[in-house]
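Trainee:
Protein chains in written order, with my numbering: chain C, 115 to 375; chain G, 115 to 375; chain D, 115 to 375; chain U, 115 to 375; chain V, 115 to 375.
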């Protein structure tokens, strides 16, 4: 962890990452309900919303779309990922180097670590290389910290999420992206474990506006520093409305009711 | 994806790759029906046809034959490949470096990725190295995107082909070479998933002229940008006739009937 | 082994490492009994005690907290570690490079080797790289020498601990951190096997003050050079009291009774 | 494939490699019938015969004996090999780098690839490194192309040998060393598949002079470019007589009868 | 093999290596009978005997003790080794680089290769790197050539030992350290197979003076060039007496009876 409040990834010390790596991780099936959501441009447009501090995409999407948005969007390059065709123990291919991410214009990097997978050792060593290279470029590092694999039964238990956020601190991530442990108390525990590493909630699958904002509010009340959201934004017909509400909750401290008005 | 319309791989934004790596991938059995087809020179001659934007061969063939054709043919160096003697999970040896491909004179590179194979992680990381090295030389990258392996039952379903073309976009390929999903609608889906990455159809095994041209026409009508063809050209006694027809369909927008005249 | 008495890791040739890598190795469960113990700052504060020669933490904790303590605490960077979510044969990810440890300000490094694990070969080769790189920076090397794995039944037998300390000598560690073999005689054997490599006891889980100090005294009487202690310090409500006692026993040769007064 | 007719490996475009790597590949058992054949000097002496274009040995033999023969013998450094104590899937350790081969004075290199082995991918990638490094030194590359492994039932069938020689062409070997497929027709097929890559027969175990020369003659008549011979030369009491006959058949186009006179 | 007679490893072309790597390979159990034998200084003292051409130790022992003996003892750095806690197929961790061995002051290097192990390929490739790096420093290379593993039933048969010494020659070792094959004839066979590579006997477990000297004498009579001895020297109360006798047998051609007087 190093101080990142002055980096483009943060606004008032908080973070709202708009993630759009689902075409790789989940495949086209995620775009079925709203076919136009397959188009990265639509999500880049959404990322121009002032609530969004950075857009998180894979290398190919970054190369193709970021140049048109470099004045209006900050780029978090997600450095690893795997298709859901993969049938092995949880693992993630490093598909972009830090050097190349910097060249494309990224102002931060993202990296998945599956603690507890049979590939944990290898992934942590790849994370080391990425994190140390990112330090040389002065780029903040966000860890997608998702315990998963043969030893994990329930990967959103409070204990698992607390461990996930601690791993991010111990291994040198500046931001820990973890799943919501189901309660404000669970998130408080995770936040305490992370020390100065900022904890942000992973948005997960699409829910109702209210339900989603309530979990975000709980995260903020628990001391979390924001959100990495994907489907709950770009699977909506009107991403802007929810981004307005998220801006209110995350950056302005609004209540869910107020944000929904 | 980066803009490649001005590269030698493209003509009017479209692509016709004449592939001749079958001696490695399939072995001499592919030449049985037409013994002279084993001779790479015959296919290099065919590649001088104006319809062909590049010839795709492995390193050894490139070294031996390209120097005599460098004024008349553009070289796509296929960087990986495997013999069909291989009995393991789908995988592909990187048998040529990008540095060497550039030295031999390649103006683009090709790389196979078997999404869903137990070797997906490794292949994607090898692809990363190749793609980033190719970027340094300014060489477009074509991904042979073929989901295959333990998790894949039907590798030409619409969903699989759409995922294949999305993987190409997400991982930074400039052209996605995918199998024909069986219909124009299936190809439209694949094309939408690829965004600005050009989707070209993989020619597959030899069929009749009409049948082949109909699938090519469907690809072009679906928004595909061309074709990578091998056996359907060089297994024919007269490659030129079919190349004339392909030129009409791909670059001149002709109907299949018109092209067959 | 090289002479390290003049290094910050030593005081009068003896060593007291305050270890705080449990958040990675054991997870938040270690902090349950005393929630404030999760906060690294609390242990950094404890490390300002004159009894402590160095604090041992992982990269992320070092980055976040060491800068505020660099005038009052010496940093031992622990270079590898694993979560207890890991279900494979004992192994440890190298999560920090020596170059980076030096840049963060470490004055010594720590490295776990699990002799007898199926990963022994790999870990010893990683240790080689770390030890030789540390030599270039002039940083002493502490081996967490813990025989463990398929071949090991009882990992605190005298023979196993003696082998553990000999491995540290043979492989070039300056300090061997080994478990207590249960008796002064066992520790004498381990000390003899280590030659000039300093043997320090690994503190283990929390016990009573008297019991703990008695084992430390036995280690010193056996020729050991000190202690690496974690939970027995920071899981106590008042770490200072025990550190005062440890200072008396380790650096002033006091009896346990005298130290407890 | 690059032009190598002007290299020391060739005489009038043809090749006669005297191979003496059996001490590694087969072990001392190959020397049992003729104990003095164990002495590399005896085979180096034989290699001074004008019929021999290069001697193929492993690094250690080259280091020890080549310096005394550098004016009279050309050195082909065989870069990989395995003892027959190895019980795994066919594989071959790369026991000499190209840099070192060049330093010792090699004028060409040799490399085994077992197509169809579970190690095919790895061996082909090692071959790539060797071939590309050899290109930098301007050293011709000879592939010992031996399909072998779990998928291979009969490794001297015509189809297998034809595939073996094609692999050599596709992967960039200048010379393909393949087993004799049992007939002139089979060898013609292999030669056609290799294009400009020179196909030479692998000598195999010792037979009668006539039988051996007949197969060599068949190879030359089939368009083969020569022979890599070991045991059929150095297991003979008088290597010179057979080398005289081989010179006649390979370089002078003599009939077997004429060569045997 | 390169000429090494003028190197510190040799005296009149012969070699007597005093090996003391047992603390790593066997563990403290080897010191049980004579506790003071655990102290490396005692063996370094023994190594000042004029019969000893070099002492063979692992990195850590070399770092700690060699500086005090550098004027009186020559250092052979053993570069790899494994604890006997290891339960896998025979393998050996490379625990010291050649660069570091040279920096510590080694005048030769030692490296174990287990021919026939499932790790043979990997070990031979590691040997290649070590041997070629040693060549750059001009350091002679000694191969501990011990066929061992799944395919090996009797690893001291004449055939196995002959193969072991041949492997050393073929792979570029300057000295082959092999086990005694049980007879002078067996050793003669091994010596013939090694060509100019010097064959030295591996001392093995402790026996009587006479029995040990008789095998050494047989080795010398068989054309062997010396001995690598460990336990038969340092497990003796008076190492000097046996070293005197070994000097007589190895360097002065004395009979066993004369040497024992």
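For glycine and all other residues, C-beta sits at the position ideal for the given N, C-alpha and C.
Using a 10 Å radius around the Cβ and a threshold of 16 neighbouring Cβ atoms, would you call residue 264 of chain C buried or exposed?
Mentor: Exposed: under 16 other Cβ atoms inside 10 Å.
Trainee: Pull the bridge partners of residue 252 of chain C from the DSSP assignment, please.
Mentor: According to DSSP, which records beta bridges pairwise, residue 252 of chain C is partnered with nothing at all.
Trainee: Judging by CA-CA distance, which residue of G/307, G/349, G/352, G/174 is the nearest neighbour of residue 274 of chain G?
Mentor: Selected option, being the one with the closest Cα: G/307.
Trainee: For chain V, find out if any of its Cβ atoms is closer than 9 Å to the Cβ of residue 276 of chain D; answer yes or no.
Mentor: Yes - at least one Cβ of chain V is within 9 Å of the one on residue 276 of chain D.
Trainee: Can you confirm whether residue 223 of chain C, when its beta carbon is compared against all beta carbons of chain G, has any partner nearer than 9 Å?
Mentor: No, no contact with chain G.
Trainee: Residue 256 of chain C and residue 130 of chain C - do their beta-carbons sit closer together than 9 Å?
Mentor: Going by C-beta atoms, residue 130 of chain C is not nearer than 9 Å to residue 256 of chain C.
Trainee: For the beta strand (DSSP E) containing residue 168 of chain U, list its first residue and its last residue.
Mentor: Where residue 168 of chain U is concerned, the enclosing beta strand (DSSP E) stretches over 168–171.
Trainee: Rounded to whole angstroms, what's the CA-CA distance from residue 315 of chain D to residue 220 of chain D? Just pull it up for me.
Mentor: When rounded, the distance between both Cα atoms is 21 Å.
Trainee: Roughly how many whole angstroms lie between the Cα atoms of residue 146 of chain U and residue 353 of chain U?
Mentor: So the alpha carbons of these two residues sit roughly 17 Å apart.
Trainee: Would residue 128 of chain U be called buried (16 or more neighbouring beta carbons within 10 Å of its own) or exposed?
Mentor: It is buried - the Cβ of residue 128 of chain U has at least 16 other Cβ atoms within 10 Å.
Trainee: Identify the continuous beta strand (DSSP E) that holds residue 313 of chain G and give its terminal residues.
Mentor: 312–316 is the extent of the beta strand (DSSP E) around residue 313 of chain G.
Trainee: In whole angstroms, what is the alpha-carbon distance linking residue 333 of chain C and residue 298 of chain C?
Mentor: Computed Cα separation, rounded: 6 Å.
Trainee: Listed in chain order, which residues of the region 282–301 of chain U have Cβ atoms closer than 8 Å to some Cβ of chain G?
Mentor: Answer in chain order: 282, 283, 284, 285, 286, 287.
Trainee: Any beta carbon of chain D sitting closer than 9 Å to that of residue 349 of chain C?
Mentor: Not one chain D Cβ lies under 9 Å of residue 349 of chain C.
Trainee: Would residue 266 of chain D count as contacting chain V if we go by Cβ distances under 9 Å?
Mentor: Interface residue, yes.
Trainee: Check this for me: beta carbons of residue 247 of chain V and residue 211 of chain V, under 9 Å apart or not?
Mentor: Yes, Cβ-Cβ distance for residue 247 of chain V and residue 211 of chain V is below 9 Å.
Trainee: For residue 351 of chain U, is the classification buried or exposed, using 16 other Cβ atoms within 10 angstroms of its Cβ as the cut-off for buried?
Mentor: So residue 351 of chain U ends up on the exposed side.
Trainee: Consult DSSP for residue 258 of chain D and reduce its assignment to one of helix, strand or coil.
Mentor: In this structure, residue 258 of chain D counts as strand in the three-state DSSP scheme.
Trainee: Between the region 340–349 of chain D and the region 133–149 of chain D, can you find at least three pairs of beta-carbon atoms closer than 8 Å?
Mentor: Yes, the region 133–149 of chain D touches the region 340–349 of chain D.
Trainee: Is the CB of residue 177 of chain G under 9 Å away from at least one CB in chain U?
Mentor: Chain U contact via Cβ: present.
Trainee: Could you tell me the alpha carbon to alpha carbon distance between residue 271 of chain C and residue 198 of chain C, rounded to whole angstroms?
Mentor: Distance between the alpha carbons of residue 271 of chain C and residue 198 of chain C: 23 Å.
Trainee: Mind listing the chain G neighbours of residue 209 of chain C? Cutoff is C-beta to C-beta under 9 Å, in chain order.
Mentor: The contacting residues are 238, 239, 241, 242, 245, 284, 285, 286.
Trainee: In chain order, what are the residue ranges of uninterrupted beta strand (DSSP E) at least 3 long that sit wholly in the region 314–348 of chain U?
Mentor: Correct list: 340–343.
Trainee: Determine, for residue 187 of chain C, whether the minimum Cβ-Cβ distance to residues of chain G falls below 9 Å.
Mentor: So, not an interface residue.
Trainee: Alpha carbons only, please: which of V/187, V/206, V/230 is nearest the one belonging to residue 140 of chain V?
Mentor: That would be V/206, whose Cα lies nearest to the Cα of residue 140 of chain V.
Trainee: What residues of chain C sit near residue 174 of chain D, judged by a beta carbon separation below 8 Å?
Mentor: Going along chain C in sequence order, the residues near residue 174 of chain D (Cβ under 8 Å) are 115, 282, 283, 284, 285, 286, 287, 311.
Trainee: Expressed to the nearest angstrom, what Euclidean distance is found between the alpha-carbon atoms of residue 193 of chain D and residue 329 of chain C?
Mentor: The alpha-carbon atoms of residue 193 of chain D and residue 329 of chain C are separated by roughly 37 Å.
Trainee: Is residue 298 of chain G helix, strand or coil when you go by DSSP?
Mentor: In this structure, residue 298 of chain G counts as helix in the three-state DSSP scheme.
Trainee: Give me the residue from C/279, C/336, C/208 with the minimum Cα distance to residue 259 of chain C.
Mentor: It is C/279.
Trainee: Given that a residue counts as buried once 16 or more other Cβ atoms are within 10 Å of its Cβ, and exposed if not, what is residue 372 of chain V?
Mentor: The residue in question, residue 372 of chain V, is exposed, as its Cβ has fewer than 16 Cβ neighbours within 10 Å.
Trainee: State yes or no: is the beta carbon of residue 147 of chain U nearer than 9 Å to at least one beta carbon in chain V?
Mentor: Closer than 9 Å: no.
Trainee: Thinking C-alpha only, which one of C/125, C/120, C/121, C/142 is nearest residue 276 of chain G?
Mentor: Selected option, being the one with the closest Cα: C/142.
Trainee: Looking only at C-alpha atoms, which of G/184, G/208, G/325 sits nearest to residue 218 of chain G?
Mentor: Residue 218 of chain G has its Cα closest to that of G/184, out of G/184, G/208, G/325.
Trainee: Could you compute how far the alpha carbon of residue 369 of chain U sits from the alpha carbon of residue 159 of chain G?
Mentor: Those two C-alpha atoms are separated by around 38 Å.
Trainee: Does residue 252 of chain D have its Cβ less than 9 Å from a Cβ in chain C?
Mentor: Not closer than 9 Å to any Cβ of chain C, the Cβ of residue 252 of chain D fails to qualify, so no.
Trainee: With distances taken from CA atoms, which of G/285, G/331, G/251, G/214 is nearest residue 228 of chain G?
Mentor: It is G/285 whose Cα lies nearest to the Cα of residue 228 of chain G.
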